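Start counting the sequence shown at 1; every next residue gets the next number (UniProt numbering).
All C-beta atoms, glycine included, are put in the ideal place defined by N, C-alpha and C.
Just so it is clear, the structure is predicted and the values come from calculations on it, not from any experiment.
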Amino acid sequence: MSDFATRARAACLPMRELFPPTPLLRNDYLSQKFGADIWLKREDLSPVRSYKIRGAFNAMRKQLDRVPEGRAFVCASAGNHAQGVAFACRHFGVQGTIFMPVTTPQQKIMKTRSFGAEHVTIQLIGDTFDQSLAAAQAFCTERGAHFLSPFDDEDVIEGQASVAVEMLEQLDHAPDMVVLPVGGGGLSAGMTSYLAQTAPDSALRYVEPLGGASLQAALRAGEPVTLPRIDSFVDGASVARIGARTFARLKHVDPDHVLIAPENRICITMLDLLNVEGLVLEPAGALSLDVLESLRGQIAGKTVVCVVSGGNFDFERLPEVKERAMRFAGSKKYLLLRLPQRPGALRDFLGTLGPEDDIARFEYLKKTARNFGTVLLGIETTNPDNFNGLFARLDDAGFAYSDITEDEIMANFVI
């Protein structure tokens, strides 16, 4: 990898045909909040609102240099890589087939169609990225098309490293720390390899979603492993198995430098940045910012760059983001209440609510007995500590109830 830095710099130059360097902006709000000099590398401001255009463009350009005529390209993506491939297909005037999970947000599907126009065909197959990946690879074998991996490809890794090239050119000194989101590992592998050669004193920290911690699992096993289950909420980074090539560049990482971000906590970060700074971030785009609280003791007084990897957020998901954020913060809970079927019982229950408690959901599920009914309650409050008082009043009034907020199986059935 001795010439990797040279190749990464060279990959930057043709990208200027498509877009200028993405901004590196100091964020006053986060800098004051964490007592550090915090800069955001705004990949959400690329033409496709993510860094994925870099790897897709670089890999397609180099493949066309090798085989100029008659190339058809195929990719699998949860959205951002798809948009990068679509953009590059239209730029180069070639055809592409893009496989996306059925669960991909509509905003990303529509933008992919818009970027690729008549140059792309979209296939919605599978519930997860890995299922779409298998379908795309089978399609390539059948049709003889060229597969553009979203991360596990040296040309893609090289293209993603251009984020680090720009970052160092934009800062007047190497940062003390760079915080990198991790999905399949293309961005983190590229930036890690480049910074190892050009800014070896910069500390690196890596962030994965709790429901897709494939790098952490690989570091523990010493090789890539397939997670038995993933949470697809952070769709831009929820990958069941980190790439073999990307892991080869990350296998030296200290497992303690890989931080885990719970999906519901990410929602708090997304809302905070939206409400305070007006930043529209997708869940994966908020990963590097979500862990700053965990790094507070390590970053005080230092220069920190957080890579904001994407801003393709479908606002139809906003109610879910708010819901998850409130549940993580403890300001919303779901209860199953056993309500007596007698006059005044509902009034008695309402009397247990405090002045800051609001009923967000009230639904009879069924009558379990002639004299009782089961009610699903969603209760919101301004201060999580208010629930201690509510539960005490419910107990004193003799109401039977169960808190199912953290009961994943029960919540999936009834919420």
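Buried or exposed by the 16-neighbour rule on C-beta atoms within 10 Å, applied to residue i
i: E166; result: buried
i: T226; result: exposed
i: L24; result: buried
i: K111; result: buried
i: A78; result: buried
i: P150; result: buried
i: T382; result: exposed
i: S202; result: buried
i: A286; result: buried
i: M255; result: Rather than Met, the amino acid found at residue 255 in this sequence is Pro. So P255 counts as exposed.
i: H81; result: buried
i: S402; result: exposed
i: D155; result: buried
i: G212; result: buried
i: T121; result: exposed
i: M1; result: Summary for M1: the model assigns pLDDT 46, below 50, so the residue's position carries little reliability; its value from the coordinates is reported in the next sentence. That one is exposed.
i: R317; result: buried
Beta-carbon spacing of residue i, residue j below 9 Å
i: L45; j: G236; result: no
i: G96; j: G186; result: no
i: V48; j: F147; result: no
i: residue 458; j: C267; result: The shown model of the chain, from 1 to 415, leaves out residue 458, and the question about it has no answer.
i: R327; j: T405; result: yes
i: R324; j: N264; result: yes
i: D152; j: T22; result: no
i: A161; j: H119; result: no
i: A199; j: L168; result: yes
i: V179; j: V291; result: yes
i: A76; j: I98; result: yes
i: A135; j: G126; result: yes
i: N371; j: R342; result: yes
i: R54; j: M15; result: yes
i: G183; j: V239; result: yes
i: R61; j: F92; result: yes
i: L13; j: N27; result: no
i: Y364; j: G351; result: no
i: D163; j: M191; result: A small correction: the amino acid at residue 163 is Val; Asp does not occupy that position in the sequence shown. In contact: V163 and M191 (Cβ atoms closer than 9 Å).
i: A397; j: F362; result: no
8 Å contact criterion, which residue i and residue j should meet: CB distance rounded
i: F57; j: L18; result: 6 Å
i: S50; j: S309; result: 6 Å
i: L210; j: I260; result: 5 Å
i: P355; j: A284; result: Incorrect: roughly 39 Å between the Cβ atoms, too far for contact.
i: K52; j: G84; result: 4 Å
i: Y29; j: E277; result: 6 Å
i: H257; j: R205; result: 5 Å
i: I38; j: V207; result: Actually they do not touch by this definition, with Cβ atoms about 15 Å apart.
i: A10; j: Q197; result: That pair is no contact at about 14 Å.
i: A189; j: R143; result: That belief does not hold up - the Cβ atoms of A189 and R143 are roughly 29 Å apart, past 8 Å.
i: P105; j: D314; result: 4 Å
i: P224; j: R241; result: 5 Å
i: A36; j: A300; result: 6 Å
i: A322; j: D176; result: For the sequence presented, residue 322 should be read as Lys rather than Ala. Rounded, the Cβ-Cβ distance is 34 Å, inconsistent with contact.
Beta carbon proximity, residue i to chain E, threshold 9 Å
i: V207; result: No chain E appears in the structure shown, which is made up of a single protein chain.
Paired residues, beta bridge with residue i - DSSP
i: V239; result: Per DSSP, none; premise fails for V239.
i: C306; result: L40, V179
i: Q95; result: A72
i: G285; result: DSSP, once it has assigned bridges, lists no residue as partnering G285.
i: K366; result: T374
i: Y334; result: G378
i: R205; result: V179
i: T121; result: T97
i: Y401; result: L337
i: residue 450; result: Because the chain spans 1 through 415 in this model, residue 450 falls outside it and cannot be assessed.
i: I268; result: Note: I268 sits in no beta bridge, so no partner.
i: V225; result: DSSP lists no partner for V225.
i: R220; result: Answer by DSSP bridge pairing: none, since R220 is not bridged.
i: A329; result: Per DSSP, none; premise fails for A329.
Heavy atom of the ligand PLP within 8 Å of residue i beta-carbon
i: S214; result: This structure does not include the ligand PLP; it has no bound ligands of any sort.
- Message: With three or more C-beta pairs closer than 8 Å as the rule, is the region 368 to 379 touching the region 329 to 336?
- Response: yes
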